[in-house]
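Have a look at the structure below before the remarks.
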Amino acid sequence: MQRELVERELTEVGPKRDGSAKGRQRTVTVNVGESPLTWLHSRGHLDDRQFDAGERLRADYERTQLSPSVTMRWDPVRVDGGGAGDGLTPSERQLAAKARFDGAMTEAGAGLKDILWRVACGCEALPDAEKGLGWPTRSGKLVLKLALDRVADFYRIR
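Under the numbering used here, the first residue of the sequence shown is numbered 3, with each subsequent residue one higher.
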């Protein structure tokens, strides 16, 4: 699978409370262009197989165009059918991606796909996803890894 390089956009982020005895706030430099899966993978929390499965799921989610968008499509019209070389029209490629996405989410299972969607497709940070689901702190990583293992099996990633 070909990984695309994301340009780093760094920003200073500070905590909501004072972090030092002198009253100065502590700040941390974060890359806002980095996905939660990339963050977990780069710090050794996800192996290559799990990361690739999450990226494949996110790519299928984006190809299905399920996320909210503007009502007008400003993409240039392609007369040649998009040039993907697979003999499918753009609508057929979208339907095939939707079938793969639905199959992967079904394979993940009812209890696991909630956090999987939030982190891989919704690009929520793991602590935010745990809080949104009402889960205890630090419980989401294990569940996410189980879900990604199942999705890797679905996509036949070795």
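Ideal placement from N, C-alpha and C gives every residue a C-beta, glycine not left out.
Alpha-carbon to alpha-carbon, residue j and residue i
i	j	result
G142	D88	38 Å
T66	L97	7 Å
D155	A127	24 Å
R60	L42	15 Å
G39	P92	Strictly speaking, residue 39 in this sequence is Leu, with Gly absent from that position. Spanning the two alpha carbons is a distance of roughly 28 Å.
G111	R95	25 Å
G136	L90	42 Å
D130	A122	13 Å
G134	D116	10 Å
T139	L146	13 Å
Collapsed DSSP secondary structure at residue i in the structure displayed
i	result
A106	helix
L128	helix
L150	helix
Q67	coil
R140	coil
L114	coil
Q4	In this prediction, Q4 scores a pLDDT of 47, lower than 50, which makes its location untrustworthy; the coordinate-derived value is nonetheless stated afterwards. Q4 falls in the coil class under three-state DSSP.
S44	helix
Cβ-Cβ distance between residue i and residue j below 7 Å
i	j	result
P44	C125	First, the residue type needs correcting, since residue 44 is Ser and not Pro in the sequence shown. Their beta carbons are not under 7 Å apart, which means S44 does not touch C125 by this criterion.
F103	D62	yes
L114	L148	yes
R152	E109	yes
Are at least three pairs of beta-carbons, each pair with one atom in the segment 147-159 and one in the segment 51-59, less than 8 Å apart?
yes
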